[in-house]
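Position 91 of the sequence shown, counting from 1, maps to 91 under this note's numbering, and the rest follow consecutively. Glycine residues also receive a C-beta, built at the ideal position from the N, C-alpha and C atoms. For reference, the structure discussed in these notes is given below.
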Amino acid sequence: MKIIRIVVLAIFSITIFACGGKEEKKKEGFSYEKKSEVSQRVESSPNDITITGNDAMQFNKKEIKVEAGKKVKVTLRHIGKMDKNVMGHNFVLLRKGVNAMAFGNMAASARDNDYIPNGTKDVIAHTKMLGGGETDVIEFDAPEAGTYEFLCSFPGHSAIMKGKFIVE
């Protein structure tokens with residue numbers, strides 16, 4: 001009987017010490033904030049843009065607004081898994097008035113130059129061609145106020161992966 005009492009007391013003591021007295025530690029980098037709040041902080045400047053492309057030939061943005069007369073920083077992330085030779089993506093900002101479909105058709109034959117035609121005057125800025133998991137960042141001065149088009153110039157993508165770049 002004495003042994004049973006000792007075992008029960010030992011189990012009870014272990015349970016009490018195991019369950020109590022611990023301070024909860026917050027995981028480093030973990031936050032209870034909503035995702036949209038974090039995104040707003042990351043893109044705190046309207047001229048700091050992050051855009052993603054995926055294996056389904058989609059950009060996550062169809063419209064980008066920036067302030068005129070300031071530096072623009074565009075971060076392109078390819079969040080897919082496919083290689084750039086199969087499902088490559090880039091971000092190409094065209095000059096005002098350039099026909100995006102005509103540019104896309106012309107770019108399709110410029111494989112050796114990341115699908116940016118050599119010597120073209122139609123492009124304001126562009127990232128390099130990315131494969132799954134890659135990221136590229138470009139910086140340039142915002143063009144004059146107006147609406148411009150952006151696209152991915154990988155063959156066949158410009159018909160779907162495009163949007164408006166609005167400078168206010």
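Problem - Simplified DSSP state of Arg111, which is helix, strand or coil - result: helix
Practice task
State the Cα-Cα distance for the pair Met106 and Gly156, rounded to the nearest angstrom.
Solution key: 11 Å
Handout entry: Cα-Cα separation, Gly134 to Ala145
Key = Just to set this straight, residue 134 is Glu in the shown sequence, not Gly. Cα to Cα, Glu134 sits roughly 31 Å from Ala145.
Problem - Where Ala125 falls: helix, strand or coil (DSSP) - result: strand
Practice task
Name the one or two DSSP bridge partners that Thr75 has.
Solution key: Thr50 and Val137
Practice task
Rank Val74, Ile49 and His78 by C-alpha distance to the C-alpha of Gly131 and give the top, closest one.
Solution key: His78
Practice task
Tell me, to the nearest whole angstrom, how far the beta carbon of Ile51 is from that of Asn60; I am working on the premise that it is less than 8 Å.
Solution key: 6 Å
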